[in-house]
Structure formats: C-alpha cells, structure tokens
Amino acid sequence: MHPRDPGQETECCRTRGAALPSRDSPFLPPQILNIHGIDFLVQCEAAPGRARFSFPRLEGKGGRRHPGDSLSTTVIHYLQARPPAQLFFFLASFAMEQLSTANTHFAVDLFRALNESDPTGNIFISPLSISSALAMIFLGTRGNTAAQVSKALYFDTVEDIHSRFQSLNADINKPGAPYILKLANRLYGEKTYNFLADFLASTQKMYGAELASVDFQQAPEDARKEINEWVKGQTEGKIPELLVKGMVDNMTKLVLVNAIYFKGNWQEKFMKEATRDAPFRLNKKDTKTVKMMYQKKKFPYNYIEDLKCRVLELPYQGKELSMIILLPDDIEDESTGLEKIEKQLTLEKLREWTKPENLYLAEVNVHLPRFKLEESYDLTSHLARLGVQDLFNRGKADLSGMSGARDLFVSKIIHKSFVDLNEEGTEAAAATAGTIMLAMLMPEENFNADHPFIFFIRHNPSANILFLGRFSSP
C-alpha cells in the first residue's frame, strides 16, 4: 500500500465526509476508497478530481494471485486517469468478480471431492449456501484454523471477504424479481455460553444472522426441533429436517445455519402435453424410464469439439438466472459418460465452456427429463480433503474469535438440498449448518438429455453458482 503524504492533502481532502457519492461526483474520499481495497493517493491541488492508485498484494500462499494481476498495464494506466467516482463503480464490480471467482473455484473443488467419493451417483449441492455458512464460521476463526478455511475456500483471493458476501446477499435477496430467491442465515447459541459481542455484531451486520438463544444443555431435542422448523420455513417446506435426532446434544454450543431457496419459471416453458415416457440411459447397459419433456425454441448453445459435449443455457423469467447443462454426445466410457468432462473440470475450463460470449443463439430441439433430487451430505470429510482439518479437531480448532477461548470446535457440517425440475421451471432449496452473440445462421441443433449430465443454476448478474449437480439416475 502507498503511504499517503499528508503534505499533499488540502483541507478539502481532510474534511470531506465519507458519504457514498453519486456516479457523477467529482471527488471520492479516501475513507470510502480504502474500504474497497484500493489505496488512493488523492492530490487535490495538483490534479483535482484525479487519483493515483495501486492494488494491495494479498497475503495468499501457494502462488495465489492478488487482485491487480488480472488487469493489464494498459487498463491500469487508463483507470489511473479516471475520476475517483468512476473508479468506485469499477471497483465494486471488480470486487464482486473476485468473490464469484472464489466461490466458483470452491464449487468445482467440492464437486470433484464429492465425485471421488461417489463417481456414478447423483450430486446436488448449493456451493453458495456452503460458502456462506463457512464464511460465518471464518469470522470466528484464528491462526492456522483461519488459514486453512481461507485457503480451501479461496477467501484469501478476495479483498474484504465479508463485505463482499454482504453485497451479494443484498443482490440475491432483492424484492420485485420475477422469481423467488432468498438466502437466510441464523445462529443458534447455548443460552448460558458467552459469545463475543464483536462476533455476534459482525454476523448480524455482514450476514443478517441473528442469534437465537436456545437451551442445548437441558433441552437439546427442543433446540433441534426449533432449528429444523426455521429451516423448513425458509425453504418452503422442502427441507423439513436438516438436523436428525441426536445431531445436537448437551455439549453443543453453537449451530450456524444457512438456507437458500429458489423457485423460478422458465423463460420458455415446456408444454406438458409434449412430455412422454422415454428411456434414460444410466450407462452402456442399463436404462430407466423417465418423463421426458420437449420443446423447440431458440436458446444459447455451444458445442465443445474436443470434449464432444453440448452446452445449453435455459434462462428463467427475467433472465437473471439460468440453468446451464453440460451434456456429452454419448456414453463413451464404462461409467456415466461424464468421466472426460469431470477430469477436465476446472474453474478456467468451466468458465470457458459456459461464458455467454462463447454461446450462440440456435434453434434447439430440447429433450430434458423431469426430475426431483433430494441429497444429504456430511461435508466434514470432504472439506478435510480440501485442507480444512483443524476446524474439526477438538485439540487444534481455534475459534477464539467467537468466545475469546479455545474451547470450541466444529463437529459436523451438514448440507441438505432439494431440486424439482419440471415443465414450468425449477424449485430448489438447500441448507447448510455449521448478452448473447448472434452467429451466422446455423442449422437447428438437437439436445437430447437421455443420459447423465452436469447442470448448474447461475445468478447471472454476479456470475455465482447457486446450485450445482449431476443427474445420473432418476
């Protein structure tokens, strides 16, 4: 960070308030700018309305990139000549891109870990729900415990991670959308245990997570039921029992809960009368009968030659959310036919395969099975495989940012998810505790999802993956 030379500041610089400026504001105070991760040297006398800046280097390990690495010198020189108010709006977008990158990277890593444990089964998770829950825990971690969580979830690549989640939550939970999408957080703490006021204030401010005091010590079963009722309400009844009997006991001190619920109608609905019984190929030998939906419309589409894989985007009403499906041409391996895609699946590849500029508008014959999935995971071992280990170790966990003492550890991180995909659209829920380019006229394309595929639901304004899954078997 560049030190600010007090001699360069005029009185206007020192007395200017830190109120959020309008887009046309000629001056942006350094208090605001520094909060958002860029250190500005304000030179009111020499260059009114201009600011020089540098990107601070993050202290990530293992070759982690700091925010400025993705910007060319030309772009930085251009930005250095912009009025500070313009830089603020650029930076807000840039910071959200950092969070999207971190969350997508974690989503891919977790998907690969789940795939290693079960190479052929269905998978359905909400990476955002899991990341949000772990970010709340991260607020209270210290030392090596914090370092492990930060690295595994790529929090060390994002400036001011908690403010970024705060902004994302506000964006996701906005009113008036043509779909229902809500992300909710809550803390359930033992009523006799003293949590640090700073920790509780931060979870409330950044994640909207209020603390509910419950009696884990004397009435753990009542506390469990109370938690489940809250989750059930937040997910419109789709996840009625996040915590099964015995999952909390009189030693439980804190349960952090995140719930996400989505219900959206397709921009182009499937007609129910077009749905037919059809075989779904599980592998080269076995099939099951499914209700196969059909429609022929223009959709964003691409074909990845080296993967022999089709990419289809199905927008929801309003087009702020989309389901994107990766479908191999055929089952060419001895498993689900997805092995080649799964082996090559990385953050960079996923973005390259699915970014809007790589899709073109095509007339597509879409055959897609109607399905429901309900999945439940204890993520403890999967997160440990990604490097989060001390958090679950009674002797090593450092959650002193929650209580001031090192007497807490995380026993389990439970994640349950639900998705219902039909002719009208999609309904999905999960809970965790603990522009298209028009190409030349092309012939119509066929997209027949009669065999396993990978799919995800993306929040397009922020490019965050809300839900991620693999449909292998009805």
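Those letters in the sequence shown? Residues 1 to 474, by full-length UniProt numbering. Yeah, the Cβ is synthetic: ideal placement off N, Cα and C, and Gly gets one too. Treat the numbers as computed from the prediction; the structure is a model and nothing was measured.
Which runs of the alpha helix (DSSP H) fall wholly inside the region 181 to 265 and span at least 4 residues, in chain order? 197 to 207 and 220 to 234
Mapping the DSSP letters down to three states, classify Leu347 as helix, strand or coil. helix
List the whole-angstrom C-beta distance separating Ile465 from Thr104, where the pair is believed to meet the contact cut-off of C-beta under 8 Å. 6 Å
Beta-carbon contacts of Gly469 that lie in its chain and below 6 Å, excluding the five residues immediately before and after: Ile123, Phe124 and Phe455
7 Å Cβ shell around Gly208 - same chain, five flanking residues per side excluded: Asn169 and Asn185
In terms of alpha-carbon separation, which member of Pro178, His162 and Trp230 lies closest to residue 495? Because the chain in this structure spans residues 1 to 474, residue 495 falls outside the shown range and cannot be described.
On the DSSP bridge list, what partners appear for Val311? Asn302 and Leu326
Residues bridged to Pro279 [DSSP beta-bridge criterion]: Thr289
My assumption, with CB atoms under 8 Å, is that Asn410 sits in contact with Ala397. Please give the rounded CB distance. Reading off the sequence shown, one finds Val at residue 410, where the question assumed Asn. Right, the Cβ-Cβ distance comes to about 7 Å (below 8 Å), so this counts as a contact.
Is the number of C-beta pairs between the region 360 to 370 and the region 446 to 453 that are closer than 8 Å three or more? yes
With DSSP collapsed to three states, give me the class of Pro369. strand
Based on DSSP bridge pairs, tell me the residues matched to residue 478. As shown, the chain starts at 1 and ends at 474. That puts residue 478 outside it, with no answer to give.
Compute the distance between the beta-carbons of Met206 and Phe262, then report whether it is under 8 Å. no
Taking the beta strand (DSSP E) that Asn464 belongs to, which residues open and close that run? Asn464 to Phe471
Endpoints, the beta strand (DSSP E) within which Ile457 is located: Phe453 to His459
Would you mind reading off the limits of the alpha helix (DSSP H) that contains Asn144? Gly143 to Ala152
Measure the CB-CB distance between Gln267 and Pro315 and report whether it falls below 8 Å. yes
Closest residue to Ser163 among Gln204, His415 and Ser213 (Cα-Cα distance): Gln204
Tyr360 versus Met402, Asn302 and Gln317, residue with shortest Cα-Cα distance: Asn302
Taking His415 as the reference, give the member of Ser117, Tyr188 and Leu379 with the closest Cα. Leu379
Which of helix, strand or coil does DSSP assign to Leu338? coil
Touching by the beta-carbon criterion (3+ pairs, under 8 Å), the region 242 to 261 and the region 216 to 230: yes
Which class does Ala46 belong to by DSSP, given the choice of helix, strand or coil? Its pLDDT being 36, under 50, Ala46 is placed unreliably in this model, and the value from its coordinates should be taken loosely. Note: Ala46 maps to coil in three-state DSSP.
Would DSSP call Phe124 helix, strand or coil? strand
Work out the CA separation of Gln295 and Ala274 for me, nearest whole Å. 8 Å
Other residues of its chain near Met136: CB distance less than 7 Å, five sequence neighbours each side excluded: Asn185, Thr203, Tyr207, Ala209 and Leu256
Quick one: residues in its chain with C-beta nearer than 7 Å to the C-beta of Lys191, no 5 flanking neighbours on either side, listed in chain order? Ser213, Val214 and Asp215
What did DSSP end up calling Asn169 once you bin it into helix, strand or coil? helix
Here's the rule I'm using: 16 or more other beta-carbon atoms within 10 Å means buried, otherwise exposed. How should Asn228 be labelled? buried
Three-state secondary structure (DSSP) of Phe155: helix
Taking Asn265 and Gln317 to be in contact with their CB atoms under 8 Å, please state how far apart those CB atoms are, rounded to whole angstroms. 5 Å
Please determine, among Thr120, Glu332, Phe270 and Thr432, the residue with the shortest C-alpha to C-alpha distance to Glu423. Phe270
Test item: CB-CB of Ala102 and Leu153 under 8 Å: yes
Tell me the DSSP bridge mates of Asn393? Asn393 pairs with nothing; no bridge assigned.
Own chain partners of Glu339 with C-beta closer than 7 Å, once the 5 adjacent residues on each side are dropped: Asp333
Assign Leu114 to one of three DSSP states: helix, strand, or coil. helix
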